[in-house]
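If you're matching positions, the sequence shown starts at 966 in the numbering used here and goes up one per residue.
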Amino acid sequence: MANGLTYIRRTNSAEATKHLAATLAPYVHPGDVIVLEGDLGAGKTQFTQGFAAALGVASAVTSPTFNILLTYPEGRLPLYHLDLYRLDEAEQLEDIGYYELIDGDSDGVAFVEWAEKFPESLPCDYLEVAIYRDPADECARQIRAHSFGPRSRQLLCVWAKDSKSRLQKSH
Ligand code: ADP
Ligand code: MG
């Protein structure tokens, strides 16, 4: 966690999670990587849908669990939505073009689910967005964004300062 920043926001509905994700879209650059963490049903797909809509993706964004990689080229930047859940070996990452999408030279932004399965294959700079359920409230989520590396730190700073996102700094 050295040098990383953490910002937190609580949402009380799927719509609020989508709205929060939408506020990130204006700030992403080509080559940015967002790693999504959270259990099944946490809200990773909701978050991605809100982000994609704000990026200008008109088509429906679905979970890429069976496809592993879904590409949405029609927004302000291409969106590459990856789900590594069904991959068994790190060698398969090469087959799907994973490294080209996360090495910083990509033309678009990558959203990666289940990246924690292959920790040795994480990029050196990425923004982690972890979504936690609240056992006491079915519609509540804690969304915790943490930067790994200088670019994602900069991205997190501008996102958190957006008056519409209201992310709180965590100490
Ligand atoms: P994942 O992709 O993490 O498996 P999904 O985004 O597909 O999860 O599903 C999240 C589910 O939780 C949806 O049915 C959504 O309506 C519901 N939900 C309830 N409250 C929230 C919230 N605050 N944020 C996100 N999703 C929520
Ligand atoms: Mg999903």
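No residue lacks a Cβ here, since even glycine has one placed at the ideal position from N, Cα and C. Nothing here was measured: the structure is a model prediction, and the numbers come from that model.
- Task: Please find out if some non-hydrogen atom of ligand 2 comes closer than 7 Å to the beta-carbon of LYS1009.
- Result: The residue given as residue 1009 occupies position 44 in the sequence shown. LYS1009 Cβ: within cutoff of ligand 2.
- Query: Does the count of Cβ pairs from the segment 1098 to 1106 and the segment 1075 to 1087 closer than 8 Å reach three?
  - Reply: no
- What is the DSSP secondary structure of ALA1080, reduced to helix, strand or coil? In the sequence shown, residue 1080 corresponds to position 115, counting from 1. ALA1080 falls in the helix class under three-state DSSP.
- For ligand 1, is there a heavy atom less than 7 Å away from the beta-carbon of THR1036? Residue mapping note: residue 1036 aligns to position 71 of the sequence shown, counting from 1. It does not: the Cβ of THR1036 is nowhere closer than 7 Å to a heavy atom of ligand 1.
- Message: So for CYS1122, helix, strand or coil by DSSP?
- Response: To locate residue 1122, count along the sequence shown from 1; it is residue 157. The three-state secondary structure of CYS1122, taken from DSSP, is helix.
- Counterpart residues of VAL1074 in DSSP-defined beta bridges: Taking the first residue of the sequence shown as position 1, residue 1074 is located at position 109. In the DSSP output, where bridge partners are listed per residue, VAL1074 has LEU1044.
- Return the chain-ordered ranges of every alpha helix (DSSP H) run that is complete within the segment 986 to 1056 and spans a minimum of 4 residues. 1009 to 1020
- Query: Are ILE1096 and ILE1061 close, meaning C-beta to C-beta below 8 Å?
  - Reply: Here residue 1096 refers to the residue found at position 131 of the sequence shown. Here residue 1061 refers to the residue found at position 96 of the sequence shown. For the 8 Å CB-CB criterion, ILE1096 and ILE1061 do not form a contact.
- Segment contact flag, the segment 977 to 986 with the segment 1067 to 1081, C-beta cutoff 8 Å, min 3 pairs: no
- Through-space distance from ALA1125 to PHE1031, alpha-carbon basis: Within the sequence shown, the letter at position 66 stands for residue 1031. Within the sequence shown, the letter at position 160 stands for residue 1125. Approximately 33 Å, taken between the alpha carbons.
- Buried or exposed (CB count within 10 angstroms, at least 16 for buried), VAL1123: Indexing the sequence shown from 1 puts residue 1123 at position 158. So VAL1123 counts as exposed.
- Query: So, THR1013 versus PHE1076, is the Cβ gap smaller than 8 Å?
  - Reply: Taking the first residue of the sequence shown as position 1, residue 1013 is located at position 48. Taking the first residue of the sequence shown as position 1, residue 1076 is located at position 111. Their beta carbons are under 8 Å apart, which means THR1013 touches PHE1076 by this criterion.
- Task: Leaving aside the five residues before and after LEU1132 along the sequence, list all residues of the same chain whose C-beta is less than 6 Å from its C-beta, in chain order.
- Result: Indexing the sequence shown from 1 puts residue 1132 at position 167. Only TYR972, ARG974, ALA1125 meet the Cβ criterion.
- Enumerate in chain order the residues of its own chain whose CB-to-CB distance from SER1024 is below 8 Å, with the five nearest sequence positions on each side excluded. Walking along the sequence shown from the start, residue 1024 turns up at place 59. Once the five neighbours on either side are set aside, the close Cβ partners of SER1024 are TYR1037, GLU1039.
- Item | Close beta carbons around GLY1015, own chain, < 8 Å, minus the five adjacent residues each side | Sequence index remark: in the sequence shown, residue 1015 carries index 50 (1-based). For GLY1015, same chain residues with a beta-carbon under 8 Å away, outside a window of 5 residues either side, are THR982, LYS983, HIS984, LEU985, ALA986, ALA987 in chain order.
- What residues match up with ARG974 in a beta bridge as DSSP calls it? Within the sequence shown, numbered from 1, the residue matching residue 974 stands at position 9. Bridge partners of ARG974: ILE1108.
- Item | Under the three-state DSSP convention, the category ALA1068 falls into | For this step, residue 1068 is matched to residue 103 along the sequence shown. For the record, residue 1068 in the displayed sequence is Asp; it is not Ala. Three-state result, ASP1068: coil.
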